[in-house]
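A.B. asks: Here the sequence shown stands for residues 2 to 293, numbered as in this note's numbering.
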Amino acid sequence: MLRIIFLFVFFCFHHMTFSQNVSTKLIKEYEDTLKIIANEIMFADSEEKRQNASDGFSLILSEVLNYEKSFKHPFDSLKTISILNSPDNQFRLFNWILKKDNGSHKYYAFIQYKKKKKIELIELIDNSKNIRNSINKNLDSKNWLGCLYYKIIYIKKTGRKYYTLLGWDGHDSKSTKKIIEVLTFGGKNKIKFGLPIFKLKNKESQKRFILESDAKTSFTLNYDKNIQSIVFSNLIPIKKDLKGMEEYYIPDGSFNSFEYKSGKWYLMDNIDARNKNKKSKYKKPKMGLINK
């Protein structure tokens, strides 16, 4: 595998030296090589082999994504990685997962960003194991709460532009997490994660929202465009005395949501997830002390 990667990178470097114009054919050759390596990331029989494949995949992917012409190339043969386009076509997100032998996961991502007339490539570095108090932490591309994103939400508005991302984190053998994250462009490391726009019932705000459940169960976290709401399962402990130990939480069949209003996400409890046409009413909390 390493020999394949070395020979391919050497070939592409040699080709670039003598050619200013990158052909669609060359980009497709990159894709064909990436497809072979992506399969190795998923199915190799040891963590060492999967890690080597992931490192090689990063190297070749970053090479091809720096070509301006690659921005419109679909890379649709790469079935084992997540490729998401922002609704306003300003950026693409390439994202994949590396499963470790101990049941945990490590995540990798590149963001290909259309900045004026140039393409900018930003790598996200998973630093999840060192991030504490994650719901209110200011994060960036060098300090990323790694996960596998599956949805980009963008609602056009005046003022600062931001994107809401939904992601999955296999976490470990005991629990699974799903994350609602906010992405903005700017700052020293080009990308910022986290914005205090998640409004809870006690009038407090959070910079991101994280759900965690028993790894053996599954739960919902999806965006409903019809009602501009992020709908998610209500999670409860299997037993009352396990409250606070989220690896023992399961869905109880009811649903909550974050409803979009005036640039913020407002928490709505116990919604009817079957009602696709009517928005739930958000009542502004009364002024005064925060309820404990």
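Every residue, glycine too, gets a C-beta built ideally from N, C-alpha and C.
Note that this is a predicted model, so its numbers are computed, not measured.
Please work out which residues of its chain come closer than 7 Å, Cβ to Cβ, to LYS284, disregarding the five sequence neighbours upstream and downstream, and give them in chain order.
C.D. replies: Residue confidence for LYS284 is low, a pLDDT of 40 falling below 50, so the modelled location carries little weight; the figure read from the coordinates is stated next. Contacts found: none.
A.B. asks: In chain order, what are the residue ranges of uninterrupted alpha helix (DSSP H) at least 4 long that sit wholly in the stretch 19-50?
C.D. replies: 25-44
A.B. asks: Just to confirm, is the Cβ distance from ILE132 to LEU125 under 9 Å?
C.D. replies: no
A.B. asks: Assign ILE38 to buried or exposed, taking buried as 16 or more other Cβ atoms, counted over all protein chains shown, within 10 Å of its Cβ.
C.D. replies: By the neighbour-count rule (16 or more Cβ atoms within 10 Å), ILE38 is buried.
A.B. asks: If we call anything under 9 Å between Cβ atoms a contact, is SER87 one with ILE153?
C.D. replies: yes
A.B. asks: In the DSSP assignment, find the beta strand (DSSP E) that holds ARG93 and state where it starts and stops.
C.D. replies: 92-100
A.B. asks: Can you check whether the CB of SER83 is closer than 9 Å to the CB of TYR163?
C.D. replies: no
A.B. asks: Using the Cα positions of TYR261 and THR34, report the straight-line distance between them to the nearest angstrom.
C.D. replies: 42 Å
A.B. asks: Using the C-alpha atoms, what's the distance from ASN257 back to LEU243?
C.D. replies: 21 Å
A.B. asks: Taking just the CA atoms, how far does LYS158 sit from SER105?
C.D. replies: 38 Å
A.B. asks: Identify every residue that forms a DSSP beta bridge with SER83.
C.D. replies: ASN96
A.B. asks: Compute the Euclidean distance between the alpha carbons of LYS294 and ILE61, then round it to the nearest angstrom.
C.D. replies: Residue 294 cannot be examined here, being either before or after the span of the chain that is shown, 2 to 293.
A.B. asks: Does the stretch 212-224 come close enough to the stretch 141-149 that 3 or more CB-CB pairs lie under 8 Å?
C.D. replies: no
A.B. asks: In angstroms, rounded to a whole number, what distance separates the CA positions of TYR1 and GLY254?
C.D. replies: Since the first residue shown for the chain is 2 and the last is 293, residue 1 is missing from the structure and cannot be characterised.
A.B. asks: Is the Cβ-Cβ distance between LEU167 and ILE231 less than 9 Å?
C.D. replies: yes
A.B. asks: My parser needs the beta strand (DSSP E) runs of 3 or more residues fully inside the stretch 117-152; what are they?
C.D. replies: Entirely contained in the stretch 117-152, the beta strand (DSSP E) runs reaching 3 residues are, in chain order, 119-126.
A.B. asks: Return helix, strand or coil for LEU268, following the three-state DSSP convention.
C.D. replies: Strand.
A.B. asks: How far does the beta strand (DSSP E) with ILE294 in it extend, from its first residue to its last?
C.D. replies: Absent from the structure is residue 294, since the part of the chain shown begins at 2 and ends at 293.
A.B. asks: Does the structure place the stretch 89-96 close enough to the stretch 109-123 that three or more beta carbon pairs sit under 8 Å?
C.D. replies: yes
A.B. asks: Between which residues of its own chain and ASN190 is the CB-CB distance below 6 Å, once the five residues before and five after are set aside?
C.D. replies: ASP141, SER142 and LYS143
A.B. asks: Between the C-alpha atoms of GLU48 and LYS100, what's the straight-line distance to the nearest angstrom?
C.D. replies: 7 Å
A.B. asks: Go through the stretch 180-242 residue by residue and report every complete run of the beta strand (DSSP E) that reaches 3 residues or more, in order.
C.D. replies: 192-194, 210-215, 222-225 and 230-238
A.B. asks: Closest to ILE136 by C-alpha separation, out of ILE198, GLY57, TYR249 and ASP77, would be which residue?
C.D. replies: ILE198
A.B. asks: May I have the straight-line CA-CA distance separating LEU196 from TYR155, to the nearest angstrom?
C.D. replies: 14 Å
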